[in-house]
Amino acid sequence: MGLQAYYDNYILVLIFMLLGVALPVVSLTFGRLLRPKNPYAEKITTYESGIQPEGDAQVRYHVAYYIVALEFIIFDVETVFLIPWAVALEHLGWVGLNMMLVFIVILALGIAYSWKKKVLEWS
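Add 147 to the 1-based position in the sequence shown for our numbering, that's all there is to it.
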């Protein structure tokens, strides 16, 4: 394996990078050139179902929805870390067990803090 095989790998990466940029650019450009260009008042309304839209299209959600979603993501990521740790626990030994216990304690402190601040309660 010489220097040529080393450069061949980089050439493949360069080809994939060029394709990754060129394909979306070319498809979006041709799509823009080929689409029909005749917007009229009825066509550019919010809905084309024949019913006139009522009210504003943007709805404001309560911040509690976002906080619950963030906490769900945090604890979902926790399980992503727990599963490989459980598989490799035999090889990690006591050090791995202690590190995971620290990780779980930090997460438990976070949920206790949010519970104390009444973030999880719906009003």
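Positions of the beta carbon are idealized from the N, C-alpha and C atoms, including for glycine.
None of the values given here were measured: they were computed from a predicted structure.
### Straight-line gap, L166 to V160 (C-alpha atoms, nearest Å)
Reading the sequence shown from its first residue, position 19 is the one you call residue 166. Reading the sequence shown from its first residue, position 13 is the one you call residue 160. Each residue's Cα considered, the two are about 10 Å apart.
### Query
According to DSSP, is H238 helix, strand or coil?
Translated into positions along the sequence shown, residue 238 becomes position 91. If DSSP states are grouped into helix, strand and coil, H238 belongs with the helices.
### Query
In terms of residue numbering, what span does the alpha helix (DSSP H) encompassing Q205 cover?
On the sequence shown, position 58 is the one that residue 205 refers to. Run containing Q205: none; DSSP gives neither H nor E here.
### Distance between H238 and F250 (C-alpha atoms, nearest Å)
For the purposes of this step, residue 250 is taken as residue 103 along the sequence shown, with counting starting at 1. For the purposes of this step, residue 238 is taken as residue 91 along the sequence shown, with counting starting at 1. So the alpha carbons of these two residues sit roughly 18 Å apart.
### Query
Is the distance from the Cβ of S270 to the Cβ of A211 below 9 Å?
Indexing the sequence shown from 1 puts residue 270 at position 123. Indexing the sequence shown from 1 puts residue 211 at position 64. Result yes, Cβ atoms of S270 and A211 sit closer than 9 Å.
### Message
Our contact map puts S261 next to L254 with C-beta atoms below 8 Å; I'd like the distance itself, whole angstroms only.
### Response
One-based indexing of the sequence shown puts residue 261 at position 114. One-based indexing of the sequence shown puts residue 254 at position 107. Actually they are not in contact, since the Cβ atoms of S261 and L254 sit about 11 Å apart, beyond 8 Å.
#### Entry: Whether G243 touches W232 by CB criterion (9 Å)
The count along the sequence shown starts at 1 and reaches residue 243 at position 96. The count along the sequence shown starts at 1 and reaches residue 232 at position 85. For G243 and W232, yes; Cβs fall inside 9 Å.
### Task
Grab the span of the alpha helix (DSSP H) containing N156 for me, first residue to last.
Numbered from 1 along the sequence shown, position 9 holds the residue referred to as residue 156. It spans 150-181 - the alpha helix (DSSP H) in which N156 sits, taken as one unbroken run.
### Query
What is the DSSP secondary structure of K264, counted as helix, strand or coil?
Along the sequence shown, one-based indexing puts residue 264 at 117. In this structure, K264 counts as coil in the three-state DSSP scheme.
### Query
Looking only at its own chain, which residues have a Cβ that is under 8 Å from the Cβ of Y187, when we skip the five neighbours before and after it?
For the purposes of this step, residue 187 is identified with residue 40 of the sequence shown, where counting begins at 1. So no residue of the chain qualifies.
### I191 - DSSP class collapsed to helix/strand/coil
Mapped onto the sequence shown, residue 191 falls at position 44. Residue state, collapsed to three classes: coil.
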